[in-house]
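See below for the structure under consideration.
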Amino acid sequence: MEVLLSLRDSFHKESESVTSLPELQQLKVKYLGKKGLVTEKLKTLSAIAPEHRPAYGKTVNELKQHIEQEIIRVELLLKQEEYKKSILTEALDVTLPGKYTPFGREHPIHKVLSEITGIFSSMGFEVEEGPEVELDYYNFEALNIPKNHPARDMQDTFYISDEVVLRTHTSPVQIRVMEKRKPPLKIIAPGKVYRCDADISHTPMFHQVEGFMVDTDIAFSDLKGVLQLFIHSMFSAETPVRFRPSYFPFTEPSAEVDIGCIFCSGKGCRVCKQTGWLEILGAGMIHPRVFEYVGYNPEMYTGFAFGMGVERITMLKFGIDDIRLFFENDLRFLRQF
Ligand code: PHE
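In terms of this note's numbering, the sequence shown opens at residue 5 and continues consecutively.
As structure tokens, this is what we get:
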């Protein structure tokens with residue numbers, strides 16, 4: 005019994021000097037482990053005289069329970085200590101300024117592109133897209149531009165191979181859509197196009213929005229009405245609109261559409277080269293031969309088509325004089341829109 009009492013004392017001495025959880029774990033093993041001091045005492049029960057055994061066994065078990073409880077108590081204390089320490093060392097200074105993350109914004113080209121598609125959507129046009137790497141067939145052939153046609157020189161084409169090009173305009177989407185769908189159609193096709201050309205008003209990649217409408221009796225007046233409404237929504241309701249005869253192999257008749265110069269109100273200036281007019285898009289009535297390529301009966305269907313350059317419209321809208329600014333990623337420029 006005395007041995008047990010001194011065991012209890014020595015445990016208390018040791019447990020008081022424990023300063024960490026691993027140390028406490030060691031102490032637990034030392035007393036209560038398989039070969040622990042208290043466990044050993046239980047094993048030697050048989051060596052005790054039978055009449056003393058119950059009292060002895062009871063005392064050993066009490067000692068064991070006592071030590072177990074003590075270990076739990078000390079463990080709790082140590083954990084609280086650690087928690088307090090961590091709060092102090094990992095303290096968060098909520099008065100520090102936050103990390104600054106600059107806001108991004110929509111690119112001016114994309115902004116105007118959304119505006120254009122928005123205006124046509126409100127007139128009931130659907131949006132379709134086509135591939136930028138395009139077959140010669142869709143970019144030229146089916147648009148009534150056969151090989152060796154002089155119109156091919158008008159567009160400085162990037163060739164991937166003899167039959168594959170980077171599309172030079174969005175007009176091939178007309179063919180792709182008409183091939184898979186039947187009239188009535190009211191479509192716009194926005195996207196990137198490519199031409200081997202670079203100067204103050206040309207970049208090798210730029211954006212176009214194609215538009216076309218096909219049904220049983222679409223007239224040139226429909227084209228005029230749609231484009232006039234578009235221009236008045238895009239610029240202002242007072243902007244003069246002019247249709248000028250022109251030529252495209254895939255439309256007949258063809259026209260170039262001008263707006264009254266928004267910089268000089270038509271008086272004549274450097275931007276409009278003293279003409280008072282700015283060209284903003286090409287358009288016309290879809291050529292019967294194009295309908296034949298897609299298997300539409302040209303006796304039954306008529307339609308109009310137009311194509312505009314998004315960079316050009318953006319430059320006019322914001323008074324930008326160099327197209328290359330759009331692609332230089334200078335934030336001082338881009339932040340203005
Ligand atoms: N695809 C022509 C171009 O890029 C524009 C256009 C489209 C003209 C549709 C008429 C009809 O120059």
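By construction, the Cβ of each residue, glycine as well, lies at the ideal position given by its N, Cα and C atoms.
- Distances from the alpha-carbon of His-291 to those of Ile-222, Met-127, Phe-341 put Ile-222 closest.
- DSSP places Pro-257 in the uninterrupted beta strand (DSSP E) bounded by 255-264.
- Each residue's CA atom was taken as its position, placing Leu-31 and Lys-88 some 24 Å apart.
- With fewer than 16 other Cβ atoms inside 10 Å of its own Cβ, Ala-202 counts as exposed.
- By the Cβ rule, the region 184-192 does not count as touching the region 152-166, because fewer than three pairs are nearer than 8 Å.
- Distance from the CA of Ile-71 to the CA of Tyr-35, rounded to the nearest whole angstrom, comes to 8 Å.
- In terms of side-chain proximity, the C-beta atom of Gly-288 is found nearer than 7 Å to a non-hydrogen atom of the ligand PHE.
- Asn-148 and Ile-179 have their alpha carbons spaced roughly 11 Å apart.
- Residues Leu-11, Lys-34, Tyr-35 of the same chain have their beta carbon placed closer than 7 Å to that of Leu-41, with the five preceding and five following residues left out of the count.
- For Thr-243, the shortest separation between its Cβ and any heavy atom of the ligand PHE does not lie below 7 Å.
- About 7 Å separates the beta carbons of Glu-119 and Met-238, which is inside the 8 Å limit, making them a contact pair.
- Using a Cβ-Cβ distance cut-off of 8 Å, the region 326-338 and the region 227-234 are not in contact, since fewer than three pairs of beta carbons, one from each stretch, lie closer than that value.
- If the five residues before and after Glu-133 are omitted, its C-beta is found closer than 8 Å to the C-beta atoms of Val-177, Ala-193, Pro-194, Gly-195, all from its own chain and listed in chain order.
- With contacts defined as CB atoms closer than 8 Å, Cys-276 and Leu-282 qualify as a contacting pair.
- No Cβ-Cβ contact shorter than 8 Å links Gly-264 with Ser-175.
- For Met-217, the secondary structure class from DSSP, reduced to helix, strand or coil, is strand.
- Looking at the DSSP output, Thr-306 sits in a beta bridge with Asp-219.
- For the pair Tyr-305 and Thr-207, the CB atoms are not nearer than the 8 Å cut-off.
- When secondary structure is reduced to three states using DSSP, Ile-290 falls in the strand class.
- A Cβ-Cβ separation of about 24 Å leaves Thr-243 out of contact with Met-289 under the 8 Å criterion.
- For Tyr-163, the beta-bridge partners assigned by DSSP are Val-169.
- One alpha carbon belongs to Gly-313, the other to His-211, and they sit about 6 Å apart.
- Nearest in C-alpha terms to Ala-241, of all of Arg-109, Ser-90, Ile-266, is Ile-266.
- DSSP places Ala-59 outside any beta strand (DSSP E); the residue lies instead in the alpha helix (DSSP H), whose first and last residues are 57-93.
- For Tyr-35, the secondary structure class from DSSP, reduced to helix, strand or coil, is helix.
- Here the C-alpha atom of Ile-191 lies approximately 9 Å from the C-alpha atom of Phe-124.
- Contact between Glu-138 and Val-181 is absent: CB atoms are separated by about 14 Å, not below the 8 Å threshold.
- Closer than 7 Å to some heavy atom of the ligand PHE: that does not describe the Cβ of Gly-134.
- The nearest non-hydrogen atom of the ligand PHE is less than 7 Å from the C-beta of Gly-311.
- The three-state secondary structure of Val-245, taken from DSSP, is strand.
- Residue environment: Val-298 is assigned as buried (16 or more neighbouring CB atoms within 10 Å of its CB, all protein chains considered).
- When secondary structure is reduced to three states using DSSP, Ala-193 falls in the strand class.
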